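Just so we're aligned, residue 6 is where the sequence shown starts under this note's numbering, counting upward by one.
Note that the Cβ used here is the ideal one computed from N, Cα and C, for glycine as well.
It should be emphasised that the depicted structure is a prediction, and the values quoted were computed from it without experimental measurement.
Following: one structure in structure tokens, then a few remarks.
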Amino acid sequence: MKDTFEYFSNAKERERAAIVVLIRTNTESARHEATEHLDELERLADTAGADVLLRMTQEKQLPDGALYLGKGKVEELKKHVEMLSLQIVIFDDDLSPVQVRNLEKELEIKVLDRSGLILDIFASRARTREAKTQIELAQLEYFLPRLTRQWTHLSKQYGGIGTKGPGETQIETDRRLINTRISKLKEKLGAIERQQETRREGRSDELARVALVGYTNAGKSSLLNVISAGEVFVEDRLFATLDATTRSVGLSHGRKILLTDTVGFIRKLPPKLIASFRTTLAEVEQADILLHVVDVSHSDLDEHIAIVEQTLLELEVHDKPVIMVFNKTDLVKKEDRHIFEELKGHFKHSVFISAFKGVGITSLKEEIESVIAEASSEMTVEVPLDHFEIASRLHELAEVKEREFGDHSVIMKLSVHHRNLARVERLLAKAA
Ligand SMILES: Nc1nc2c(ncn2[C@@H]2O[C@H](COP(=O)(O)OP(=O)(O)OP(=O)(O)O)[C@@H](O)[C@H]2O)c(=O)[nH]1
Ligand SMILES: [Mg+2]
């Protein structure tokens, strides 16, 4: 039974799906919100490889404990399932294992919730060994309590877990196997993490570190591409990026920063899953500045901003300086551009760009400079001319604002970021 939990690639054709969202109150805004959530869920389903043939809502203050929907609604859904030959129903809310079991029994097709769907997408998109291990672990942990007869994933099946009615004993065996696999994955991940820590310790930390964060599809990777002339993967689908990519980017005055792309956030992203992206986390934690990229053309941008801020809070990185980067300005009509002024008034640092058209990149770089400057101290130093190597090293460690040559020395006015203060002081001690 070794290797029974390897994934198969998603070679089969697209599945026929229904999506379901609950409307909590009978108000215009709740209905509008439900539509937005259905749109997003449909995009997620599409990314995972399912075509949505039915969008369904139910007005209900509290979900039913056993069936999530009301009994009558489930019967109605069942009729649609038969009529449209649906293969899967996806719920926007997280379902309890009991609800999944009951719904699968009633509807006789697969039932998936939003977390399960996101996990599926992540699993099919993971490329690196680390991402694959992290996601398999998250998937198994999610999967374990939901182990039922009919349960198979959208884009893959777990080998060994039969689709044709294993009895309770079989489920017990499966459970044990999964637990063994989970411990193995944890060990593997621990090893990968130790390797990465060593790598991080080895890399130079003289450069200011800037991390791109934001809602999925906001344009983080596109921005990294235009700003560093790179070729990071960009796609008009959700969760194009799963791994942290870092590039060195030159600002003005020769100063360089390290800019890192990270996994996108989304509404109701399972907290366990965010926690599983440890590399992303480490990069965000170590960043001096965050660039919060927002799709300013999206009708739901306020909610997107709030969700990203909430996620940063949960990750305990909310006290870092943030530059709001409002992207996709090319998609905003002239008559709607007054919202730019409103947004500007709301945030301490904000820039408006179009990664697509390469507009606003210089202002963004200037804004990064000025935020770095806020965390920097100015000092004037004198370096003897026969210590030219010290002068040239200072150019790397600090921004040289002014320089004046005397007969035997050069006087430099420096702006030094706090992370480099100790280094600069040590260097100057050598010249003294
Ligand atoms: N019109 C327009 N489209 C843009 C702009 N920036 C990015 N896009 C498009 O938006 C989509 C998403 O871009 P990505 O750079 O992959 O977004 P991301 O934030 O990295 O997304 P994830 O990795 O999925 O979190 C792509 O289709 C881009 O071409 C822009 O300034 N204008
Ligand atoms: Mg991306």
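For Ser129, the distance from the CB to the nearest heavy atom of ligand 2 is not below 6 Å. By the Cβ criterion, the region 360-372 is not in contact with the region 391-404, since fewer than three pairs of Cβ atoms, one from each stretch, lie closer than 8 Å. As the crow flies, the alpha-carbon of Val25 is around 18 Å from that of Val103.
Pro102 is bridged by DSSP to nothing; it lacks a bridge partner.
Residue pairing by DSSP places His343 in no beta bridge whatsoever. In this structure the region 122-139 does not lie against the region 71-88, because fewer than three pairs of beta carbons, one per stretch, are closer than 8 Å.
Across the structure, Asp341 and Phe361 are spaced so that their CA atoms are roughly 19 Å apart. Around the beta carbon of Lys76, fewer than 16 other beta carbons sit within 10 angstroms, so the residue counts as exposed. Using a cutoff of 6 Å, the CB of Lys225 counts as near ligand 2, since one of the ligand's heavy atoms is closer than that. For Leu229, the three-state secondary structure derived from DSSP is helix. A distance of 7 Å or more separates the beta carbons of Ile93 and Glu135.
Assigned with DSSP and collapsed to three states, Gly255 falls in strand.
With a cut-off of 6 Å, the C-beta of Lys333 is classified as near ligand 1, since at least one heavy atom of the ligand falls inside that distance.
Here DSSP, grouped into helix, strand and coil, assigns His297 to strand.
Shortest Cα-Cα distance from Lys370 to any of Ser257, Gly269, Ser304, Lys191 involves Ser257.
Burial of Asn107 is indicated by the presence of at least 16 other C-beta atoms within 10 angstroms of its C-beta.
Separation of the CB atoms of Val254 and Ser233 is rounded to 5 Å, and the pair is thereby assigned contact status at 8 Å.
The criterion of a C-beta distance shorter than 7 Å is satisfied by Thr265 and Ala216. Under DSSP, Asp118 forms a beta bridge with Phe96.
Contact check for Phe331 against Phe357 passes: the beta carbons are separated by less than 7 Å. Ile95 places its beta carbon less than 7 Å from that of Leu117. For Ser420, the beta-bridge partners assigned by DSSP are Glu383, Glu404. Here the alpha carbon of Thr267 sits roughly 18 Å from the alpha carbon of Ile373.
For Leu263, the beta-bridge partners assigned by DSSP are Arg214, Ser253. Comparing alpha carbon positions, the residue from Met329, Arg132, Glu18 closest to Ala53 is Glu18. Annotation: Thr30 to Leu194 spans about 44 Å, alpha carbon to alpha carbon. Contiguous alpha helix (DSSP H) elements confined to the region 27-76 occur at 33-53, taking only those with 4 or more residues.
Here Arg214 has Leu263, Gln291, Ala292, Asp293 as same chain residues with Cβ atoms under 6 Å from its own Cβ, once five neighbours each way along the sequence are excluded. In the DSSP assignment, Phe148 falls within the unbroken alpha helix (DSSP H) covering 134-148.
Cα atoms of Glu347 and Asp300: separation of roughly 15 Å, rounded to the nearest angstrom.
Less than 7 Å separates the beta-carbon of Glu404 from that of Arg260.
Following the DSSP letters along the chain, one finds Ile312 inside the alpha helix (DSSP H) bounded by residues 306-319.
Per DSSP, the unbroken beta strand (DSSP E) holding Val330 starts and ends at 327-332. The three-state secondary structure of Ala436, taken from DSSP, is helix.
Shown here, Ile24 sits in a strand according to DSSP, grouped into three states.
Proximity of the beta carbon of Thr52 to ligand 1 is not indicated: no heavy atom of the ligand is located closer than 6 Å.
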